[in-house]
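> Per this note's numbering, the sequence shown starts with residue 30, numbered consecutively. Using N, Cα and C, we set each Cβ at its ideal position, and we do this for glycine too. This structure is a prediction, so every number in the text was calculated from the model and none was measured. Please read through the structure below; I'll follow up with questions.
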Amino acid sequence: MEATCKTLADINKKLQKGQALVLTAKEFKDLVRAGNRPCVEEVDVVTCATMGVMSGTIACLNIPITEPGKFCVAKEVYINGVPAHPGPAPNERLGNVDCIIHGTAHSVYDHNYGGGHLFSDMVSRRPFDVEVISDAGAKHKKTLTLDEIPFARLQGTRHAFKNYNGFVNIKQKERSYSTIFYFKNMQGTDGISVAGCGELNPLQNDPEMQTIRMGTVALVNGATGIVIGTGTRSTPKKPNLSLSADMFNMDPRYMGGFKTSAGPEILNSTALAIPVLNDQILQKMVKYTDENISIPIVDISDRLMVGEATYADVWQNVDLRVKFNREKCIECTIPCPVELLCPVGAYIAAGKKWFADICFGCGACVSLCSCGAFSAKMGKIKLGDREYPITFRQSDRKRAIELAEIFKQKLLSSEIIL
Ligand code: SF4
Ligand code: SF4
Numbered sequence: 030m031e032a033t034c035k036t037l038a039d040i041n042k043k044l045q046k047g048q049a050l051v052l053t054a055k056e057f058k059d060l061v062r063a064g065n066r067p068c069v070e071e072v073d074v075v076t077c078a079t080m081g082v083m084s085g086t087i088a089c090l091n092i093p094i095t096e097p098g099k100f101c102v103a104k105e106v107y108i109n110g111v112p113a114h115p116g117p118a119p120n121e122r123l124g125n126v127d128c129i130i131h132g133t134a135h136s137v138y139d140h141n142y143g144g145g146h147l148f149s150d151m152v153s154r155r156p157f158d159v160e161v162i163s164d165a166g167a168k169h170k171k172t173l174t175l176d177e178i179p180f181a182r183l184q185g186t187r188h189a190f191k192n193y194n195g196f197v198n199i200k201q202k203e204r205s206y207s208t209i210f211y212f213k214n215m216q217g218t219d220g221i222s223v224a225g226c227g228e229l230n231p232l233q234n235d236p237e238m239q240t241i242r243m244g245t246v247a248l249v250n251g252a253t254g255i256v257i258g259t260g261t262r263s264t265p266k267k268p269n270l271s272l273s274a275d276m277f278n279m280d281p282r283y284m285g286g287f288k289t290s291a292g293p294e295i296l297n298s299t300a301l302a303i304p305v306l307n308d309q310i311l312q313k314m315v316k317y318t319d320e321n322i323s324i325p326i327v328d329i330s331d332r333l334m335v336g337e338a339t340y341a342d343v344w345q346n347v348d349l350r351v352k353f354n355r356e357k358c359i360e361c362t363i364p365c366p367v368e369l370l371c372p373v374g375a376y377i378a379a380g381k382k383w384f385a386d387i388c389f390g391c392g393a394c395v396s397l398c399s400c401g402a403f404s405a406k407m408g409k410i411k412l413g414d415r416e417y418p419i420t421f422r423q424s425d426r427k428r429a430i431e432l433a434e435i436f437k438q439k440l441l442s443s444e445i446i447l
């Protein structure tokens with residue numbers, strides 16, 4: 030029997046005629062897990078997504094700051110206190126400044142605020158304060174909103190890793206480590222921190238990048254963007270992506286700042302559609318369910334592997350969100366450790382306000398509140414003969430599911446073509 034092959038043009042035609050079958054990665058994997066084997070003739074596209082801490086992020090902005098002729102060279106630029114790098118192209122004589130900001134840059138005024146928070150504030154249309162110090166030492170200040178600047182583009186230099194590592198502190202238990210991989214200094218008594226959206230991750234579904242390449246359309250933080258190519262530190266075994274999109278259409282729900290014990294980090298999201306062109310592509314998607322995707326567990330002290338689990342340990346039979354029982358919050362301490370350390374600021378102890386919509390599902394509050402006000406089934410990982418609880422998740426599987434659905438709807442309505 031001849032193998033079925035489709036082209037992108039075939040799939041686009043089917044999409045336009047309303048005849049294409051588009052599944053989200055969750056729908057597809059649920060079918061596979063239930064024992065079904067979809068074939069190439071049946072499925073045309075599978076939409077995939079991931080959301081989590083993705084440090085390799087920069088934004089390139091053009092900021093109109095003064096009338097032309099007020100100064101010549103910008104020496105320092107701060108936006109909401111977050112330092113930016115002036116340039117690369119000089120425009121300052123015209124009164125505006127090109128600059129690049131790292132998503133991992135930290136505010137000079139607020140140790141809990143960084144580039145990720147700034148980008149999210151900008152996209153939310155909150156006013157932001159710009160301060161430019163010229164080579165002559167003059168300070169120029171202005172408050173702007175995103176719609177008042179002509180150019181704002183975000184670039185992922187290393188996004189959407191084909192899954193990641195888990196971290197634990199078992200070798201140097203007496204030491205505690207300040208790390209971007211934990212919400213507080215990681216101690217020997219802490220559990221395991223995990224990252225990666227498992228079977229929903231785009232590169233996990235097209236690991237050889239047969240369909241994901243330069244120019245492939247993507248949703249970057251909810252906005253239509255493109256894949257530029259592979260990112261820094263990408264290898265065939267562990268690929269990641271470089272992506273780009275205008276910030277004007279981004280959705281703050283799918284990006285933001287994220288507090289860790291090593292300072293503020295940045296959350297981003299990527300959604301991609303994998304066209305099912307042939308059986309080889311389909312079989313990869315069938316093969317990689319959470320149960321078959323490894324997550325190496327490394328020690329925080331030296332990053333060397335101390336064990337291995339699968340993403341089924343991380344994402345199957347667990348709660349994607351915590352439950353909050355306000356009766357159990359007895360306002361035990363001031364400040365409340367949950368309020369202090371929740372990476373996205375989803376809890377305010379005064380008035381017991383939990384913002385379910387902001388919650389990222391990381392699970393930190395479950396171990397932080399000893400009164401049991403927060404609960405969630407978070408899973409366990411066995412290392413040697415001991416089971417360790419998963420106490421922190423740096424990826425948001427719930428929002429990844431949402432993003433894959435958003436991409437699916439955009440394809441079905443022809444808002445995006447492949
Ligand atoms: S730690 Fe728990 S009980 Fe104590 S104030 Fe915070 S949420 Fe309430
Ligand atoms: S799970 Fe808890 S700590 Fe994590 S974001 Fe939600 S409220 Fe904050």
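Please indicate yes or no: does the CB of L397 lie closer than 8 Å to some heavy atom of ligand 4?
Annotation note on ligand 4: not contained in the displayed structure, which lists ligand 1 and ligand 2 as its ligands.
> Restricting to Cα atoms, I'd like to know which of C365, N192 and K170 is closest to S323.
Minimum Cα distance to S323 is reached at N192.
> Out of L412, L173, L37 and G145, state which residue places its alpha-carbon closest to the alpha-carbon of T289.
Of the candidates L412, L173, L37 and G145, the one whose C-alpha sits nearest the C-alpha of T289 is G145.
> Compare the beta carbon distance of M83 and M276 with 9 Å and say whether it is the shorter of the two.
Not a contact, by the Cβ cut-off of 9 Å.
> Quick one: Cα of C371 to Cα of C394, how far?
Taking the straight line joining both Cα atoms gives about 7 Å.
> Would you call the region 342-354 in contact with the region 382-394, where contact means no fewer than 3 C-beta pairs closer than 8 Å?
Yes, the region 342-354 touches the region 382-394.
> Quick one: Cα of V327 to Cα of V335, how far?
Cα to Cα, V327 sits roughly 5 Å from V335.
> Is there at least one non-hydrogen atom of ligand 1 closer than 8 Å to the beta-carbon of I359?
Yes, the Cβ of I359 comes within 8 Å of a heavy atom of ligand 1.
> Specify whether the region 92-99 and the region 124-135 touch according to this definition: at least 3 beta carbon pairs, one from each stretch, less than 8 Å apart.
Output reads yes: the region 124-135 touches the region 92-99.
> Use the C-beta contact count for P97: other C-beta atoms within 10 angstroms, 16 or more gives buried, fewer gives exposed.
Under this definition P97 is an exposed residue.
> Compute every distance between the C-beta of D431 and the non-hydrogen atoms of ligand 1, then say whether any falls below 8 Å.
Sequence check: residue 431 is Glu here, not Asp. No.
> Going by the C-beta, is E368 closer than 8 Å to any heavy atom of ligand 1?
Flag set: Cβ of E368 near ligand 1.
> Does Y317 come out as helix, strand or coil in the three-state DSSP assignment?
Coil at Y317, not helix or strand.
> Might you give, ordered along the chain, the residues of its own chain that have their beta carbon closer than 8 Å to the beta carbon of M241, omitting 5 neighbours on each side?
The question names Met, but residue 241 is Ile in the sequence shown. Contacts found: P231, L232, D235, V256, L270, L301 and I303.
> How about P156 and V137: are their beta carbons less than 9 Å apart?
For P156 and V137, no; Cβs fall outside 9 Å.
> Excluding the 5 residues flanking Y317 on each side, which residues of the same chain have their C-beta closer than 8 Å to its C-beta?
For Y317, where only same-chain residues beyond five positions count, the Cβ hits under 8 Å are E228, Q233, N234 and P236.
> Start and end of the beta strand (DSSP E) containing C77?
Element bounds for C77: V74 to V82.
> Under the three-state reduction of DSSP, which class applies to I295: helix, strand or coil?
Of the three classes helix, strand and coil, the one that applies to I295 here is strand, per DSSP.
> Just tell me which of F287, D342 and E160 has its CA closest to the CA of G374.
Ranking the options by Cα distance to G374, first place goes to F287.
> Check the C-beta distance from G258 over to Y283 and give it rounded, since I have them as a contact under 8 Å.
Wrong, their Cβ atoms sit about 22 Å apart, outside the cutoff.
> Would you report the Cα separation of Q345 and N321, rounded to the nearest angstrom?
So the alpha carbons of these two residues sit roughly 12 Å apart.
> Bridge partners of D275, per DSSP?
According to DSSP, which records beta bridges pairwise, D275 is partnered with R182.
> Straight-line CA distance for I108 to F180?
Those two C-alpha atoms are separated by around 15 Å.
> Please report the straight-line C-alpha distance between C361 and E337, rounded to a whole angstrom.
Taking the straight line from one Cα to the other gives about 37 Å.
> Confirm, please, whether the CB-CB distance from F190 to K267 is below 9 Å.
Yes, these two residues count as a Cβ contact at 9 Å.
> Between the beta-carbon of I11 and the beta-carbon of K104, is there less than 9 Å?
Coverage of the chain is limited to positions 30 through 447, which leaves residue 11 absent and any answer about it impossible.
> Roughly how many whole angstroms lie between the Cα atoms of M30 and L60?
Confidence at M30 is low in this model, with a pLDDT of 49, below 50, so its placement is unreliable and the value that follows should be read with caution. Computed Cα separation, rounded: 25 Å.
> Below 8 Å, is the gap between the Cβ of F190 and the nearest heavy atom of ligand 2?
Flag unset: Cβ of F190 not near ligand 2.
> Bridge partners for I108 per DSSP, in chain order?
V111 and V159, per the DSSP bridge assignment.
> Quick check on A140: does DSSP put it in helix, strand or coil?
Note that residue 140 is His in the sequence shown here, rather than Ala. H140: coil per DSSP, three-state reduction.
> May I have the straight-line CA-CA distance separating N141 from P293, to the nearest angstrom?
Near 6 Å, if we compare the C-alpha coordinates of P293 and N141.
> Using CA atoms only, rank isn't needed, just tell me which of S330, R332 and A88 is closest to T186.
Closest option to T186, Cα to Cα, is A88.
> So, for G47: in the same chain, excluding its five sequence neighbours on each side, which residues have a beta-carbon less than 7 Å away from its beta-carbon?
Same-chain partners within the cutoff: there are none.
> Measure the beta-carbon distance from T86 to I295 and round it to whole angstroms, keeping in mind my assumption that it falls under 8 Å.
Correct: roughly 5 Å between the Cβ atoms.
> Assign K357 to one of two classes, buried (16 or more other C-beta atoms within 10 Å of its C-beta) or exposed (fewer than that).
By the 10 Å Cβ count, K357 comes out exposed.
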